[in-house]
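Below is one structure, written out as structure tokens; comments come after it.
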């Protein structure tokens, strides 16, 4: 059932009636006013949607509103930045390779000076994942590199963010190129993780991420099952070493991973 598109049609209908009312009062809205009003209606309707799949039905609406808005206003004009981000996410949701890189470039340039550093890095990571999903690996690598820039695994305050970015990059990019290169990347992450106690949340999350990367991409002929078995053993040891409960989200991830490993590898 296409609830959200119906809601959008309702909003745009109300908007049209409001514009007609202005016309009857003698204050006729021009096409620029209409483009502005429709852009505001759109971002208010769908700007808060968190599930990318829910944006798919809005693809044509978003493209039309964006085209009309930018015909009269520079993208920096509010609500241009929000609209640009909605557009980039919508194109990502439909995996529209044509224009996706430009859409993300526009959105990121508009938000670069508006977001805290952590949120900006998350946006760069989102762009990297979206571009990797459509096979634009060079562009994806560019955004992952930008997201990691300034993060140092030798600084304790950076280690969590650095690890998350490295594994996000691996999950998106490890299907390309020689697996030995990605194995070396995992080795780099492990080297820094060993500085942390085995029972720490961050090290446990890193082990879960490593298992997911190996399951998804490591060739079977390169000792895949043995490598994953070793990682699972480390996860179990880390859990037994803890003196506090595993966070709920991490516990759920571990349970899902273990079910997968049992089904796929009889581990």
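In UniProt numbering, the protein residues as written are 1 to 267.
Glycine is no exception: its CB is placed at the ideal position from the N, C-alpha and C atoms.
Nothing here was measured: the structure is a model prediction, and the numbers come from that model.
| task | Would you mind reading off the limits of the alpha helix (DSSP H) that contains residue 246? | result | Counting along the chain, residue 246 falls outside any alpha helix (DSSP H), and DSSP gives it neither H nor E.
| query | Hey, out of 241, 232, 244, whose CA is closest to residue 255's CA? | reply | For the options 241, 232, 244, the alpha carbon positioned closest to that of residue 255 is the one of 232.
| query | Helix, strand or coil for residue 156 per DSSP? | reply | helix
| task | Pick out the complete alpha helix (DSSP H) segments inside the segment 131-181, 4 residues or longer, and give them in chain order. | result | 137-148, 156-173
| Can at least three beta-carbon pairs, one atom from the segment 81-94 and one from the segment 35-53, be found at a separation below 8 Å? | yes
| task | Please determine, among 150, 234, 139, the residue with the shortest C-alpha to C-alpha distance to residue 121. | result | It is 150.
| Is it buried or exposed for residue 247, if we count other Cβ within 10 angstroms and need 16 for buried? | Exposed: under 16 other Cβ atoms inside 10 Å.
| said: If distances are taken between C-alpha atoms only, which option among 129, 110, 201, 189 comes closest to residue 240? | reply: 201
| task | Take residue 59 and list the residues in its own chain whose beta-carbon comes closer than 8 Å to its own, dropping the five residues that flank it on each side. | result | Within the same chain, residue 59 has close Cβ partners 90, 91, 93, 94, 96.
| task | Could you pull the start and end residues of the alpha helix (DSSP H) that residue 214 belongs to? | result | 201-217
| message | Mapping the DSSP letters down to three states, classify residue 258 as helix, strand or coil. | response | Of the three classes helix, strand and coil, the one that applies to residue 258 here is helix, per DSSP.
| Since residue 73 is in the alpha helix (DSSP H), which residue starts that stretch and which ends it? | Careful: residue 73 lies outside any alpha helix (DSSP H) and carries neither H nor E.
| Do residue 87 and residue 103 have their CB atoms nearer than 7 Å? | In contact: residue 87 and residue 103 (Cβ atoms closer than 7 Å).
| Should the segment 167-181 be called in touch with the segment 131-144, which here means at least 3 C-beta pairs below 8 Å? | yes
| Residue environment, residue 220, which counts as buried when at least 16 other CB atoms sit within 10 Å | exposed
| query | Do residue 45 and residue 69 have their CB atoms nearer than 7 Å? | reply | no
| said: Tell me which residues share the same chain as residue 199 and place their Cβ nearer than 7 Å to its Cβ, disregarding the 5 neighbours each side in the sequence. | reply: 238, 241, 242
| request: Within its chain, find whatever has a CB closer than 7 Å to the CB of residue 139; leave out the 5 residues flanking it on each side and keep chain order. | output: 101, 131
| field | Integer Cβ distance of residue 185 from residue 214, believed to fall under 8 Å | value | In fact, because the Cβ distance is near 12 Å, the residues do not count as touching under 8 Å.
| field | Cβ neighbour criterion (16 or more within 10 Å) applied to residue 114 | value | It counts as exposed.
| query | Helix or strand or just coil, what does DSSP make of residue 82? | reply | helix
| query | In or out: residue 24 buried (at least 16 other Cβ within 10 Å) or exposed? | reply | Low per-residue confidence applies at residue 24: pLDDT is 47, beneath 50, and the placement is therefore not dependable, though the value from the model is reported in the following sentence. Flag for residue 24 reads exposed.
| Do residue 269 and residue 207 have their C-beta atoms closer together than 7 Å? | There is simply no residue 269 to check, as the chain begins at 1 and stops at 267 in what is shown.
| query | According to DSSP, is residue 42 helix, strand or coil? | reply | helix
| Roughly how many whole angstroms lie between the Cα atoms of residue 55 and residue 110? | 21 Å
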